[in-house]
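As you go down the protein sequences, you meet chains A and B in turn.
Residue numbering for the first sequence follows our numbering, starting at 1219 and increasing by one per position.
Residue numbering for the second sequence follows our numbering, starting at 1219 and increasing by one per position.
Where a beta carbon is used, it is the ideal one built from N, C-alpha and C, also for glycine.
Worksheet for the structure shown next.
There are 2 protein chains.
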Amino acid sequence: MTESNKPSLEVCLSPALLNLFDVKNSIVVIIDVLRATSTICTALYNGATRVIPVSSVEECVNIGRAIGGITAGERDGKIAEGLVHGNSPFEYPREFVEGKTLVLTTTNGTKLLHMAKDAVQIVTGSFPNISAVCDYLVAQQQNVILGCAAWKDRVNIEDTLFAGAVVSRIRQHFDVNCDSAIAAESLYQMAREDIYSFMKQASHYKRLANYGLEKDIEYCLTPDGANVLPVFRNGELVAAE
Amino acid sequence: MTESNKPSLEVCLSPALLNLFDVKNSIVVIIDVLRATSTICTALYNGATRVIPVSSVEECVNIGRAIGGITAGERDGKIAEGLVHGNSPFEYPREFVEGKTLVLTTTNGTKLLHMAKDAVQIVTGSFPNISAVCDYLVAQQQNVILGCAAWKDRVNIEDTLFAGAVVSRIRQHFDVNCDSAIAAESLYQMAREDIYSFMKQASHYKRLANYGLEKDIEYCLTPDGANVLPVFRNGELVAAE
């Protein structure tokens, strides 16, 4: 708690900066908008029992085989060799994913998740579940770190924009004394009228658009399409009750 | 050089991220707006022969004694024990500094400078010398990294704003494929009408305002008050011819 008697709300723009934050005394929101955390909430929203995030393709294959889960993950925009599904939220409709376990390998998001393992609680956030994330954070009355997964440690626009959107929604409940939070919120305020157009400048947009994934990007930037809260417990993400 | 045949222009928001950039093939601009790089260009503009940036107070005292230089530096907003002057640009008018050597100890800026030592060239930038910096960068036709000194590795608003101001001025001469550069430029575009008011949200503003340094802040955010280009050579900063 800070002097104002409100909990703090901070934004960490890259996993390489997480060591500067007091993770142990905070809730950490893992943000990997394109597309890991958007796909995670979508799968859970559509009835997946749990999502197990893993770092490597090998781990994904082994765990998937052991528990009979759906193995998913991409490298360079294609389904990784040995896996069966990709990173797109559209691959996980209810008729496919309900009652199943998704074993998902991502690079940036999973790395950050493991770095944040000592947090009070880890949840994942993205535009499709922004309201669930904000409601949860306001209710907890604890310090919050919005952790951007970034791209190989480089700050990216989409995760920063989502962090800024959260700051703009919930800041009155928190003490915001963090320049990254102020910068992220300003960026979001500037972009909010047309986030999709703004994103066209971003490096990740160009990568994904080259793979024909504009529809994915649009979904991943739209609020509340899959409004559940993924909570990390015992190595897996489950939808909060 | 990139595919567009223009050199690249990137922004590094914190020294902790500098390892992600190709320093060896770039000009690095060291940015420590409040107040190290503003004071450096001011001292050189007012006729100082050179500025020697050092990390520690001890080093500052020893070098200052050895060469008969002005020793300067602050810790927590006060002149550091053993030194004679502070970090304020207003302490270095022509009648005081002309023909002299300033030995300046700063923490964030000096750290970044040493990290960037393998760069093609190191120069320092801040609003008081923004035009000199931009003219130089456009003329060189080389890759550029705008390196924010930040605050103990945490991203800060003032250095990000300056980086964004440079991007907005010179981007047509460069290939800008860097989300941090796009975010910094957007932040600057949002703040440009009244940078001083925007800065009132920043954590560093609050620290300095507590010490009564609003006048310093205003000077440090105003373009071209001391329009020379400090270039780093053999351990010291001198004004470019």
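Nearest candidate by alpha-carbon position, reference residue i, set the options
i	options	result
VAL1302 of chain A	A:GLY1291, A:TYR1310 and A:PHE1308	A:GLY1291
SER1421 of chain B	A:LYS1418, A:SER1398, A:SER1421 and A:SER1415	A:SER1398
ILE1471 of chain A	A:SER1232, A:VAL1279, A:TYR1354 and A:VAL1384	The structure shown does not extend to residue 1471 of chain A, since chain A spans only 1219 to 1459, so no value can be given for it.
TYR1437 of chain B	B:ALA1234, B:TRP1369 and B:MET1417	B:MET1417
ALA1234 of chain B	B:ARG1372, B:LYS1335 and B:ASP1377	B:ARG1372
PRO1307 of chain B	B:LEU1262, B:ILE1270, B:CYS1366 and B:LEU1330	B:LEU1262
ALA1381 of chain A	A:ASN1237, A:GLU1316, A:THR1255 and A:LYS1424	A:THR1255
GLY1295 of chain A	A:ALA1457, A:TYR1423 and A:ASP1240	A:TYR1423
VAL1275 of chain A	A:ASP1240, A:CYS1259, A:LEU1431 and A:LEU1322	A:LEU1322
ASP1336 of chain A	A:ALA1427, A:GLY1430, A:ILE1258 and A:VAL1246	A:VAL1246
CYS1230 of chain A	A:LEU1455, A:GLU1316, A:GLY1430 and A:ALA1402	A:ALA1402
VAL1394 of chain B	A:GLN1419, A:VAL1394 and A:SER1415	A:GLN1419
ILE1270 of chain A	A:ILE1413, A:THR1324 and A:TYR1429	A:THR1324
TYR1429 of chain B	B:LYS1242, B:ASN1305 and B:TYR1414	B:ASN1305
Pairwise C-alpha distance: residue j and residue i
i	j	result
MET1219 of chain B	LYS1318 of chain B	In this prediction, MET1219 of chain B scores a pLDDT of 48, lower than 50, which makes its location untrustworthy; no coordinate-derived value is stated.
SER1226 of chain A	VAL1272 of chain A	30 Å
GLY1287 of chain B	ASN1326 of chain B	22 Å
HIS1332 of chain A	GLN1339 of chain A	12 Å
ALA1334 of chain B	ARG1451 of chain B	13 Å
ALA1383 of chain B	TYR1354 of chain A	37 Å
THR1440 of chain A	THR1378 of chain B	28 Å
SER1232 of chain A	LYS1329 of chain B	20 Å
ASN1237 of chain B	PHE1392 of chain A	33 Å
ARG1410 of chain B	ALA1457 of chain B	28 Å
CYS1366 of chain B	ARG1283 of chain B	31 Å
GLU1180 of chain A	ARG1293 of chain A	In the structure displayed, chain A extends from 1219 to 1459; residue 1180 of chain A sits before or after that span and is not available.
PHE1314 of chain B	ALA1350 of chain B	23 Å
ASN1374 of chain A	TYR1310 of chain B	40 Å
CYS1259 of chain B	THR1289 of chain A	57 Å
TRP1369 of chain B	LYS1224 of chain A	24 Å
ILE1400 of chain A	ILE1285 of chain B	44 Å
SER1404 of chain A	ILE1435 of chain B	21 Å
VAL1356 of chain A	MET1408 of chain B	28 Å
GLU1454 of chain B	GLU1228 of chain B	25 Å
GLU1316 of chain B	ASP1412 of chain A	53 Å
ALA1427 of chain A	LYS1433 of chain A	9 Å
TYR1406 of chain A	GLU1376 of chain A	10 Å
ASP1240 of chain A	CYS1396 of chain A	13 Å
LEU1431 of chain A	VAL1341 of chain A	26 Å
LEU1320 of chain A	SER1222 of chain B	41 Å
ARG1312 of chain A	THR1257 of chain A	13 Å
GLN1358 of chain B	TYR1414 of chain A	35 Å
CYS1352 of chain B	GLU1277 of chain B	32 Å
THR1449 of chain A	SER1244 of chain B	Position check: residue 1449 of chain A holds Val in this sequence, whereas Thr was assumed. Their backbone Cα atoms lie some 43 Å apart in a straight line.
ILE1281 of chain B	LYS1242 of chain B	29 Å
GLU1459 of chain A	ARG1425 of chain B	43 Å
Where residue i sits in the DSSP three-state scheme
i	result
LEU1331 of chain B	helix
PHE1314 of chain B	helix
MET1219 of chain A	Unreliable placement is indicated for MET1219 of chain A, whose pLDDT of 48 sits below 50; the coordinate value is still reported in the next sentence. Correct three-state label for MET1219 of chain A: coil.
VAL1341 of chain B	strand
LYS1242 of chain B	helix
GLY1287 of chain A	coil
GLU1228 of chain A	strand
LEU1322 of chain B	strand
LYS1424 of chain B	helix
VAL1279 of chain B	helix
LYS1529 of chain A	Given that chain A is displayed from residue 1219 to residue 1459, the structure contains no residue 1529 of chain A and the question cannot be resolved.
ARG1451 of chain B	strand
PRO1441 of chain A	coil
ARG1268 of chain B	strand
ALA1458 of chain B	coil
9 Å Cβ cut-off: residues of chain D touching residue i
i	result
LEU1227 of chain B	The question asks about chain D, but that chain is absent: this structure's protein chains are A and B.
Segment contact flag, the region 1245-1255 of chain A with the region 1336-1348 of chain A, C-beta cutoff 8 Å, min 3 pairs: yes
The region 1381-1393 of chain A contacting the region 1257-1267 of chain A, beta-carbon criterion three pairs below 8 Å: no
Cβ contact check for the region 1362-1369 of chain B and the region 1430-1448 of chain A: 3 or more pairs under 8 Å: no
Contiguous beta strand (DSSP E) assignments of at least 3 residues, all confined to the region 1345-1392 of chain B: 1362-1366
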